[in-house]
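Taken in sequence, the protein lines are chains A and B. Following this note's numbering, the numbering of the first sequence begins with 1 at its first residue and continues without gaps. Following this note's numbering, the numbering of the second sequence begins with 1001 at its first residue and continues without gaps. Remarks on the structure that follows.
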Amino acid sequence: MSKRPIILLLPGLLCDASIWEAQRAALAPFAEIRIADFSQFDSIEAMARSALALADEPLIAIGHSMGARVAMEMIRLAPERIEKLVLIDTGVDPRRDGEEAKRQVMIDLAYAEGMGALADRWLPPMLHEGRVEDQTLLAPLKAMVMRATPEQHHRQLQALLNRPNVRPHLPNIACPTLVMVGRQDRWSPLAQHEEMASLIPNAELVVIEESGHMSLLEQSEQVSRALLRFLGFENDETSADVAAGGEVNTMSENGSPDRIPDTPLFDRKRSLRGYRINKMAMGLGNPVNREAFRENESAYLDRFGLTPEEKEAVMTRNWREMVRLGGNLFFILKISAVDPVRITEIGAHQAGMEHADFLRDRLGKK
Amino acid sequence: MAKLIGGLGTSHVPSIGAALDKGLRDTPDWKPFFDGYIPGQEWVRENKPDVAVVIFNDHGNTFFLDKVPTFAVGCAEEYRPVDEGWGPRAIAPFKGAVDFSWHFIDTLIENRFDPMICQEIEVDHGLQVPMELFWGKPDEWPVKVVPIFVNVIQYPIPLPSRCYEMGRVLRQAIESYDSDERFVVLGTGGLSHQLQGARAGFVNPEADQAFLKDVADNPDKLANMSREQYVEMFGSEGAELMMWLVMRGAMDPDVVVRHKHYFVPASMTGAGMIVMENRAAVARIAAA
């Protein structure tokens, strides 16, 4: 490698560079590491702009929690600058109902009783349930929180409360993306990350075992190994470890090959990815729905919340694309009950062949 | 006690049902395929089974992805054809062997198989087509059925060896069932085919022929193959073939092949049929 890549580490709420200590050490032999400081900002966008200003070159953005939201904002602002993206223990949705009141309680607590009191209240739910009494973990985290001020806390919560809704942008993230989460993360749960990984076209998901929200510290080794492997900074040993311990999904469309060439197995990832399309198609087993599909296909598809991309694939009868988006042929075949097409034509389309050639060359028809 | 008189294997391609519905049986595309089943139909007429245990998979018609049982066993009075998108097919509803189904479920659980129990459930072409291929299209079915649904769509799908072991438990259930009824077991699905991805249209006639031989002579080899090997050798949907192992596991190690048939392509599939009897039973009949 001629030039060392630049990695930006983006910390979460009330976190500083210390939270990244293990990962910084693991990555430092392979890259130039810069750690962002978000203590002075009160919007996600301002944080993202400050992080982008830390380098002129293309970079690898690794964000934890709020830092991962900043990373997604960086992609929105400057997609060409981000070569690879890692999102850890985070979320994509905007403010929830009632969230503001709950956050205000914490803001008031920090001002009234200080950062120590805030740390005692805030930290335990962030950790694996079995480790909320573990002082080796709590002590450094509490010290970190106490280095922050009630004003910083207030600013960052303002930023979080006004966070953008990133969900609609996920399908536009083009760079290789690693989504990572502690299996016992109660704050931003696994299911949320499975969904993110399914919505980002070029994403893989790694689950960190025996970890809550503070995975960087709770399972620093697992996190570092997954990062090294994802970034290609590894030897064979580390890759075998991660393959055995983490959950690494592959899809040919995502740059890593199917285990059996050109053969998409309907695994967890595809099932999650294709749930909407397949549910829509399953509906066509009902004559009432077939009638609705015939009368106004677009409206019928909207009932199942299909994304614009999914909708276009269905409406243009793009079978290959439907399968790429997680459609399973047994479900989507029902579309051909409403709008007839032979299964061999669907096969030929996916194989990228003329129908007659497909019958002759693949199926051996004379 | 009830008796197992034969193990049948067959493809269950939906186009076979559609070809019958459209009256295409004797067209050049289909005649050689259907003619190959005539000996199988004769075997069924001569041997008069009372109950057919049918191992098959639902194809996103009865089960959606919200609930996916790895193994499910029907214990309903009646199984109606499900609407697969073209309206339910005009074939007689299948009559259930309710009492045996419950006995089978008991036996499974006692042997550490834990199936989903289905008292009301519809069946798709996976069960319909094999029944039509062996029994034609009667106004009323001359056999009762026991459907066993196997998930071969949503990964993780079960191990081939597990299907084989389930067959042994099925045999135990039949032979411990207090009745003089005659049972056949139908393993269905396959043979090689692939409907999805750029390898769609993959068929492997050589592997199919070898499978039809091995399923009789060397079933342990088939049971010890990985799921990935099935997909590689028979295509992503061809992995259905592992369901034949439930049927094979119910038979003795030593079997006699009565009839065998192979045809490619039926629609996009290598299609095959086999009729087997236990050699020991054949010898007993010969001696009597």
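Think of the CB as a built atom: it goes at the ideal place given N, C-alpha and C, for glycine as much as any other residue.
- [ ] Taking only the alpha-carbon atoms, compute the straight-line gap between residue 271(A) and residue 1286(B) and give it to the nearest angstrom.
- [x] 53 Å
Open item on the list: If you follow the beta strand (DSSP E) that residue 1188(B) is in, where does it begin and where does it stop?
Closed with: 1182-1188
Task: Whether residue 1146(B) touches residue 1053(B) by CB criterion (8 Å) - done: yes
TODO: Return yes when the Cβ of residue 1010(B) is within less than 8 Å of the Cβ of residue 1186(B), no when it is not.
DONE: yes
TODO: Classify residue 1020(B) as buried or exposed, calling it buried when 16 or more other Cβ atoms lie within 10 Å of its own Cβ.
DONE: buried
Task: Closer than 8 Å at the beta carbon, the chain A residues around residue 1133(B) - done: Neighbours of residue 1133(B) on chain A: none; closest Cβ ~19 Å, over 8 Å.
TODO: For residue 1265(B), go through chain A and note every residue whose CB falls closer than 8 Å to its CB, in chain order.
DONE: 363, 364 and 365
Open item on the list: Can you check whether the C-beta of residue 247(A) is within less than 8 Å of a C-beta belonging to chain B?
Closed with: Note on residue 247(A): pLDDT 34, under 50, position unreliable in the model; no value is reported.
Open item on the list: Against chain A, with Cβ distances strictly below 8 Å, would residue 1200(B) count as a contact?
Closed with: yes
TODO: Identify whether residue 213(A) lies in helix, strand or coil by the three-state DSSP scheme.
DONE: coil
Task: Secondary structure of residue 79(A), DSSP reduced to three states - done: helix
Open item on the list: Let's test the definition: count the other Cβ atoms within 10 Å of the Cβ of residue 1057(B) and tell me whether it reaches 16, buried, or not, exposed.
Closed with: buried
Task: Short-range partners of chain A found in the stretch 1049-1066 of chain B, where Cβ spacing is below 7 Å - done: 1059, 1060, 1061, 1064 and 1065
Task: Boundaries (first-last residue) of the beta strand (DSSP E) holding residue 1007(B) - done: 1003-1010
Open item on the list: What does the alpha-carbon distance come out to for the pair residue 1095(B) and residue 87(A)?
Closed with: 54 Å
- [ ] Please work out which residues of its chain come closer than 8 Å, Cβ to Cβ, to residue 1208(B), disregarding the five sequence neighbours upstream and downstream, and give them in chain order.
- [x] 1190, 1191, 1192, 1234, 1262, 1264, 1270 and 1272
TODO: Report the residues of the stretch 1232-1243 of chain B with a CB closer than 7 Å to any CB of chain A, ordered along the chain.
DONE: 1232 and 1236
Open item on the list: I'd like to check one pair, residue 1256(B) with residue 1148(B): are the Cβ atoms closer than 8 Å?
Closed with: no
Open item on the list: Counting only Cβ-Cβ distances shorter than 8 Å, please list the residues of the stretch 260-272 of chain A near chain B, keeping chain order.
Closed with: 260, 261, 262, 263, 264, 265, 266, 267, 268 and 271
Task: Cross-chain neighbours of residue 343(A) in chain B, by beta carbon under 9 Å - done: 1014, 1015, 1195, 1267 and 1268
Task: Proximity test, Cβ basis, 8 Å: residue 323(A) and chain B - done: yes
Task: Simplified DSSP assignment, three categories, for residue 34(A) - done: strand
- [ ] Could you check the C-alpha separation between residue 123(A) and residue 141(A) for me, to the nearest Å?
- [x] 8 Å
Task: Neighbour flag for residue 1155(B) against chain A, beta carbons, 8 Å - done: yes
TODO: Quick one: list the residues of chain A neighbouring residue 1228(B), beta-carbon separation under 8 Å, in chain order.
DONE: 259 and 260
- [ ] Specify the secondary structure class of residue 204(A) as computed by DSSP and reduced to three states.
- [x] strand
TODO: Run the CB neighbour count on residue 73(A), radius 10 Å, all protein chains shown included, and call it buried at 16 or more, exposed below.
DONE: buried
Task: Residues that residue 1278(B) bridges to, as DSSP identifies them - done: 1255(B)
Task: Minimum Cβ-Cβ distance from residue 250(A) to chain B less than 8 Å - done: At residue 250(A), the pLDDT of 35 sits below 50, so the modelled position is not reliable and the matter cannot be decided from this model.
Open item on the list: Does residue 1260(B) come out as helix, strand or coil in the three-state DSSP assignment?
Closed with: strand
Task: Inter-residue spacing [alpha-carbon to alpha-carbon] between residue 1154(B) and residue 344(A) - done: 23 Å
- [ ] Please say whether residue 159(A) and residue 43(A) have beta carbons closer to each other than 8 Å?
- [x] yes
- [ ] Given a cut-off of 8 Å, decide if residue 1048(B) and residue 1199(B) are closer than it, judged by their beta-carbon atoms.
- [x] no
Open item on the list: If the criterion is Cβ atoms closer than 8 Å, does the pair residue 27(A) and residue 177(A) meet it?
Closed with: no
Open item on the list: Once DSSP output is grouped into helix, strand and coil, what is the label at residue 1037(B)?
Closed with: coil
Open item on the list: Which residues does DSSP list as the beta-bridge partners of residue 1078(B)?
Closed with: 1095(B)
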